[in-house]
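In UniProt numbering, the protein residues as written are 1 to 610. All C-beta atoms in this analysis are idealised placements derived from N, C-alpha and C, irrespective of residue type, glycine included.
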């Protein structure tokens, strides 16, 4: 440090910042050992020497002037004095940088601009890394392009956050293309397994040789039988009070219908007899429900007994009641193998053992109608009205996806199985036509399939030979913190992956403009953050609570970042650093449409001509 100009001395010291008094503004910029050192203001690195081999590194976060007396007399003249405020970054000891301080400088210690060789050490530019990438240049230091170890960057969950138009999508595309370029000469990029859920059709710049592009609704079909309870909850989004148990019981009954061809008939006969003997209600209406249950049963004795049921009086002809009851009991025993009196316990036991899965949407609808029937024979006449929104959602699923996402076509199901083998480095699921509820279902479903596959491989083989990176575009739309007033959604698989995914080679990259709406559990497990401009106070507050690497001055700075600038913090970055993302060639996809380009005067063309 001999002959290097000191730019000032420490006048105040705290654990989270220091205040530096600048003695001579004209000597801040200087030449040292042939290198020109220029003070660039905020974000500039500064050094305090503890010894020849140990240095404290700080970063300037504020500048201001304050009047100071020239001499210590009451009526002395005053002059303006310049002060810098700086926050701690870490220590350099024996030419190695460590983030964070174990000790702190003293008042009166001299402060220097950080040497070029030390900046290289801080940014780890001297390290020899097998696989690294760069996404841009340092904002405060022209010509510095920090490189990041791919092993450190992509072995943690990551969040890329920023308001719309701030450059986050460009950053994602730049990151993906850098991965491809970095691996081109040494690695097989088709083993990378990046799975991208493209909400706005923005990821078209990836080299096509490495991409499997899938239009979800047109190109594939999901076997309904592979859906689990959480998938159905996300598809239907029932209310937790009444609709959830109705949905789950409907799935179990639908599963039983799939396995037993005559299940529907004897259940209807059982419900009809139970209603006849136990439900006290208006007799004509009661008869109507019983007739509807029995009208399709192909049994002559049942139909003959049914003809004795008077539509006028809602009662069975004299002497025919026992015949009616006996005919139903015989039919139930013949079809099910159980006595009528035992059916209640038998049905309960069968439902307890049944899976919450069906192979056809119509069987789910039938199963739920059976649940309604069970509730109605117990006297719960309001159950259908409470579940009207549930049935509307199921009807919509049948109308929307019976011939697309849940098509039973063998070719489309085979295509789905082929896609899920992930033979190319990048799989892009085009999901722009899906609403937020269906996005939650589909992303969670794919994630769960891979999670279960990876767990099985680890259990059976003892090791994992594949890894996956899931990029969730517009993640706040579906990986969303749920309020108590909203319908039920299941984030179970996302939360499992956020906590346990590392063990199974599965990592998430959340891309969002509204971090305040993201699941707090999932976001809290992210270790790397690329932060673009964010101005919403709710989002900033959520970041304050969720990101341990960021201080208050940096959080304030985020609100004023220009488009394309990003603050990088986390495990993969040696220090928090502001970077200008070098991705102009990837920025056109989300370019804002300007009124001045659209509102052009054009010749008026008449609607009709002679």
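Tell me which same chain residues have a C-beta within less than 6 Å of the C-beta of residue i, skipping the five on either side of it?
{"i": "residue 28", "result": "7, 39"}
{"i": "residue 64", "result": "83"}
{"i": "residue 253", "result": "367, 370"}
{"i": "residue 436", "result": "477, 478"}
Suppose contacts are defined by Cβ-Cβ distances below 9 Å. Is residue i in contact with residue j by that definition?
{"i": "residue 394", "j": "residue 364", "result": "yes"}
{"i": "residue 581", "j": "residue 174", "result": "yes"}
{"i": "residue 532", "j": "residue 163", "result": "yes"}
{"i": "residue 361", "j": "residue 398", "result": "yes"}
{"i": "residue 422", "j": "residue 195", "result": "yes"}
{"i": "residue 512", "j": "residue 161", "result": "yes"}
{"i": "residue 85", "j": "residue 135", "result": "no"}
Keeping to the same chain, check which residues put their C-beta closer than 8 Å to that of residue i; ignore five residues upstream and five downstream.
{"i": "residue 182", "result": "131, 132, 133, 150"}
{"i": "residue 156", "result": "502, 507, 526, 527, 528, 570, 571, 572"}
{"i": "residue 99", "result": "89, 90, 574, 575"}
{"i": "residue 481", "result": "517, 518, 519, 520"}
{"i": "residue 402", "result": "361"}
Count the other C-beta atoms from every protein chain shown that fall within 10 angstroms of the C-beta of residue i, then say buried if there are 16 or more, exposed otherwise.
{"i": "residue 141", "result": "buried"}
{"i": "residue 456", "result": "exposed"}
{"i": "residue 146", "result": "buried"}
{"i": "residue 256", "result": "buried"}
{"i": "residue 237", "result": "buried"}
{"i": "residue 225", "result": "exposed"}
{"i": "residue 339", "result": "exposed"}
{"i": "residue 489", "result": "buried"}
{"i": "residue 544", "result": "exposed"}
{"i": "residue 240", "result": "exposed"}
{"i": "residue 342", "result": "exposed"}
{"i": "residue 112", "result": "buried"}
{"i": "residue 167", "result": "buried"}
{"i": "residue 245", "result": "exposed"}
{"i": "residue 585", "result": "exposed"}
{"i": "residue 548", "result": "exposed"}
{"i": "residue 124", "result": "buried"}
{"i": "residue 232", "result": "buried"}
Which class does residue i belong to by DSSP, given the choice of helix, strand or coil?
{"i": "residue 206", "result": "coil"}
{"i": "residue 472", "result": "strand"}
{"i": "residue 344", "result": "helix"}
{"i": "residue 385", "result": "helix"}
{"i": "residue 275", "result": "helix"}
{"i": "residue 586", "result": "helix"}
{"i": "residue 428", "result": "strand"}
{"i": "residue 375", "result": "helix"}
{"i": "residue 242", "result": "coil"}
{"i": "residue 96", "result": "strand"}
{"i": "residue 61", "result": "strand"}
{"i": "residue 308", "result": "coil"}
{"i": "residue 357", "result": "coil"}
{"i": "residue 411", "result": "helix"}
{"i": "residue 394", "result": "helix"}
{"i": "residue 488", "result": "coil"}
{"i": "residue 47", "result": "strand"}
{"i": "residue 595", "result": "helix"}
{"i": "residue 639", "result": "Given a span of 1 to 610 for the chain in the structure shown, any question on residue 639 remains unanswerable."}
{"i": "residue 399", "result": "helix"}
{"i": "residue 555", "result": "helix"}
Residue i CB to nearest chain B CB: under 9 Å?
{"i": "residue 564", "result": "Included in the structure is just one protein chain, with no chain B present."}
Can you find the residues in the same chain that come closer than 7 Å, C-beta to C-beta, to residue i, ignoring five residues on each side of it along the sequence?
{"i": "residue 350", "result": "256"}
{"i": "residue 52", "result": "none"}
{"i": "residue 384", "result": "372"}
{"i": "residue 203", "result": "173, 196, 428"}
{"i": "residue 220", "result": "214, 412, 415, 416, 419"}
{"i": "residue 87", "result": "16, 17, 58, 59, 61, 551, 553"}
{"i": "residue 431", "result": "197, 198, 199, 216, 439, 442"}
{"i": "residue 272", "result": "290, 293, 294, 328"}
So which of the options has the shortest CA-CA distance to residue i?
{"i": "residue 36", "options": "87, 42, 116", "result": "116"}
{"i": "residue 611", "options": "388, 100, 370, 218", "result": "An answer regarding residue 611 cannot be provided, because it is not within the stretch 1 to 610 covered by the chain."}
{"i": "residue 304", "options": "34, 49, 315, 320", "result": "320"}
{"i": "residue 387", "options": "242, 223, 124", "result": "242"}
{"i": "residue 332", "options": "285, 299, 203", "result": "299"}
{"i": "residue 426", "options": "123, 360, 89, 213", "result": "213"}
{"i": "residue 367", "options": "511, 265, 470", "result": "265"}
{"i": "residue 469", "options": "33, 504, 48", "result": "504"}
{"i": "residue 407", "options": "392, 223, 234, 148", "result": "223"}
{"i": "residue 118", "options": "46, 277, 537", "result": "46"}
{"i": "residue 522", "options": "171, 493, 537", "result": "493"}
{"i": "residue 445", "options": "356, 25, 234", "result": "234"}
Is there at least one non-hydrogen atom of the ligand SAM closer than 8 Å to the beta-carbon of residue i?
{"i": "residue 259", "result": "The ligand SAM is absent from the structure shown, which contains no ligand whatsoever."}
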